[in-house]
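Using our numbering, the first residue of the sequence shown is number 29, and each one after it goes up by one. Every residue, glycine too, gets a C-beta built ideally from N, C-alpha and C. Heads up, the thing below is written out as structure tokens.
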Amino acid sequence: MLTVDDILEHTGEFNFFQKQTFFLLALLSAAFTPIYVGIVFLGFIPDHRCRSPGVAELSQRCGWSLAEELNYTVPGPGPAGQAFPRQCRRYEVDWNQSTLGCVDPLAGLAANSSHLPLGPCRYGWVYDTPGSSIVTEFDLVCANSWLLDLFQSAVKVGFFIGSVGIGYIADRFGRKLCLLLTILINAVSGVLMAISPTYTWMLVFRLIQGLVSKAGWMIGYILITEFVGLSYRRTVGIFYQVAFTFGLLVLAGVAYALPHWRWLQFTVTLPNFCFLFYYWCVPESPRWLISQNKNAKAMSIIKHIAKKNGKSLPASLQSLRPDEEVGEKLKPSFLDLVRTPQIRKHTLILMYNWFTSAVLYQGLVMHMGLAGSNLYLDFFYSALVEFPAALLILLTIDRLGRRHPWAASNVVAGAACLASVFIPEDPHWLRITVLCLGRMGITMAYEMVCLVNAELYPTFIRNLGVLVCSSMCDIGGIITPFLVYRLTDIWHELPLVVFAVVGLIAGGLVLLLPETKGKTLPETIEEAETMRRPRKNKEKIIYLQVKKLDILPN
């Protein structure tokens with residue numbers, strides 16, 4: 029029977045309308061980066077030391093350089109394996125007393141400065157940075173350093189809750205309405221965060237951004253894949269994620285130009301208000317409308333697409349009427365993700381692969397660290413490695429299909445982690461190269477799971493399925509720091525061993541999924557259940573509705 033993909037062959041699979049819509053939604057994808065990785069700049073931790081009253085005046089009177097001031101007034105490094113006292117401890121000395129000299133002022137108080145008592149930073153900290161971050165403004169260091177972890181965890185918790193809840197709303201009430209609501213809430217909460225007077229309010233508004241931002245990004249992905257034809261679906265899916273990578277590069281430049289966190293947060297939030305104009309630019313998905321028995325609205329949008337593309341619909345497609353045998357419209361349910369055997373298998377494998385992608389992607393970045401000392405250049409260069417990953421997907425996905433490149437990328441990432449365990453620190457370039465190969469492999473896997481996830485679920489639960497499965501990457505993001513830092517305390521290379529095992533298992537599980545290359549998006553549960561079986565040629569009929577039972581396969 030004729031599906032939406034068949035109708036798009038007449039209206040245009042990737043013509044002017046689809047290109048315009050893709051460009052608009054790609055901007056939305058790029059604007060998501062400040063929320064996903066903005067902590068790198070918003071929560072930047074500069075070198076810092078305790079503020080001691082009287083030190084600045086003494087330094088000015090004696091004409092000390094900064095190096096001399098630090099040498100005379102700040103504690104040195106502690107025992108091996110411990111934090112530097114200069115960051116969280118200060119000499120219990122009254123620096124305003126007139127008996128202190130300009131040459132080794134502590135010599136008259138103790139024969140050895142290490143014998144002087146140390147106390148906490150009661151007067152705050154001095155930060156060696158020309159800009160500001162939430163760390164410098166709210167003093168999220170030393171005993172309060174856990175508040176920075178809480179700030180980032182709040183975003184991940186928001187991602188997780190929002191993915192599940194908003195995914196259901198998008199499948200129940202429509203993609204467009206949900207997209208616009210997430211954009212509005214994200215924009216307002218982003219501005220309120222930029223002007224938050226306290227840490228608590230900032231944390232609340234960041235949590236709200238997490239609740240809606242990732243869900244909005246995923247809805248945009250679902251929309252663009254539902255607007256284009258079969259032969260272009262994978263390409264726009266990949267380039268939608270490439271737009272996110274492009275956003276990483278732009279973020280590095282904006283953060284360099286605006287080193288103060290409030291101005292940075294305000295600037296990266298402003299584009300979201302422009303996205304509200306999408307109300308007039310981006311229509312509702314005709315696939316979703318048809319799944320909800322809203323055929324008149326669906327046909328109106330199809331005609332709009334044809335007009336924008338300069339195409340004409342055949343007369344047989346302009347006088348569609350509802351099928352009398354169609355039952356009630358389908359309502360998405362979480363149980364639909366596990367009720368039937370094949371979809372249940374797909375759900376479990378996809379959830380594990382989302383989890384694996386997050387753990388390996390973030391874990392490799394944390395473990396490898398940044399090679400240089402320039403935060404902005406390091407961030408810029410680390411983002412560039414994601415472009416070759418997208419290119420490799422484009423070169424292989426049509427020739428080899430989805431499963432094998434996806435499985436191979438997981439295996440390469442796992443094998444690279446395992447190989448790096450046995451590579452000595454010298455030569456350092458070889459170890460870094462292997463880890464970068466692993467980063468490229470898991471980047472490919474990340475992009476592939478997002479593409480295939482949307483192709484394995486029927487229309488009426490597609491958005492719910494993608495958002496529920498992708499919520500596992502948020503769980504992975506929450507536990508990854510613990511995997512990296514706690515296991516490193518046991519053995520420095522142990523996290524890489526764990527990453528290798530997790531990645532290799534993910535590669536094997538991918539091979540249990542059906543190949544989606546060249547297949548139309550499933551519209552019903554029955555079509556999703558039979559994706560592995562060869563479809564018989566049936567007489568094509570006009571596609572009007574989606575039924576729960578007895579739908580003819582294409």
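- Within its own chain, the residues whose Cβ lies closer than 7 Å to the Cβ of P314, once the five positions on either side in sequence are excluded, are V32, A326, I329, I330, listed in chain order.
- Using a 10 angstroms sphere on the CB of Y307, the tally of other CB atoms stays under 16, which defines it as exposed.
- Under the DSSP assignment, Y155 falls in the beta strand (DSSP E) whose first and last residues are 153-155.
- In the DSSP annotation of this structure, the continuous segment of the beta strand (DSSP E) that includes G147 starts and ends at 146-148.
- D502 is positioned such that its CB atom lies closer than 9 Å to that of V185.
- Beta-carbon to beta-carbon, V282 and T295 are separated by about 6 Å, close enough to satisfy the 8 Å threshold.
- Following the DSSP letters along the chain, one finds C309 inside the alpha helix (DSSP H) bounded by residues 306-309.
- Boundaries of the alpha helix (DSSP H) around H332: 323-336.
- Nearest Cα to T61 within the set P299, Y196, G469, G40: P299.
- S57 sits in a helix when the DSSP states are folded into three classes.
- At the C-beta level, L94 and E120 stay beyond 9 Å of one another.
- Scanning V154, I553, C149 for the CA closest to the CA of S361 turns up I553.
- Secondary structure at H38: helix, using DSSP grouped into helix, strand and coil.
- Taking C-beta separations shorter than 7 Å and ignoring five residues to either side along the sequence, the partners of L176 in its chain run G71, V163, L168, following chain order.
- Boundaries cannot be given for Y260, as no beta strand (DSSP E) includes it and DSSP labels it neither H nor E.
- In the displayed model, H520 falls within coil according to three-state DSSP, outside both helix and strand.
- For the 9 Å CB-CB criterion, C497 and W382 form a contact.
- The beta carbon of I421 sits closer than 7 Å to the beta carbons of I266, P433, M472, E475, M476 from its chain, once the five residues preceding and following it are set aside; these are given in chain order.
- In the DSSP annotation of this structure, the continuous segment of the alpha helix (DSSP H) that includes C206 starts and ends at 203-222.
- Contact between G535 and G442 is confirmed by a C-beta separation of about 7 Å, below the 8 Å threshold.
- Per the coordinates, the alpha-carbon of D75 lies some 52 Å from the alpha-carbon of P486.
- Beta-bridge partners assigned by DSSP to R117: P148.
- Going by C-alpha positions, S340 is about 13 Å away from E41.
- Under DSSP, H288 takes part in a beta bridge, and its partners are S160.
- Closest in alpha carbon position to V538, among L484, I489, H520, I506, is L484.
- R79 and A171 have their C-alpha atoms some 15 Å from each other.
- Each residue's CA atom was taken as its position, placing A556 and Q46 some 26 Å apart.
- Within the same chain, no Cβ atom closer than 7 Å to the Cβ of K322 is found once the five residues on either side in sequence are excluded.
- For C78, the secondary structure class from DSSP, reduced to helix, strand or coil, is strand.
- The stretch 198-213 makes contact with the stretch 243-257, as at least three CB pairs between them are under 8 Å.
- Excluding sequence positions up to five before and after V526, its CB lies within less than 8 Å of the CB of L511, L515, all in the same chain and listed in chain order.
- Assignment of alpha helix (DSSP H) within the stretch 390-467, counting only whole runs of 4 or more residues, yields 403-412, 414-428, 431-449 in chain order.
- In the structure shown, G275 adopts helical secondary structure according to DSSP, grouped into three states.
- Apart from the 5 residues on each side of it in sequence, G218 sits with its Cβ closer than 7 Å to the Cβ of Q237, Q293, T297, N300 in its chain, given in chain order.
- Below 8 Å, enough C-beta pairs join the stretch 407-417 and the stretch 455-468 to call them touching: three or more.
- Assigned with DSSP and collapsed to three states, P225 falls in coil, not helix or strand.
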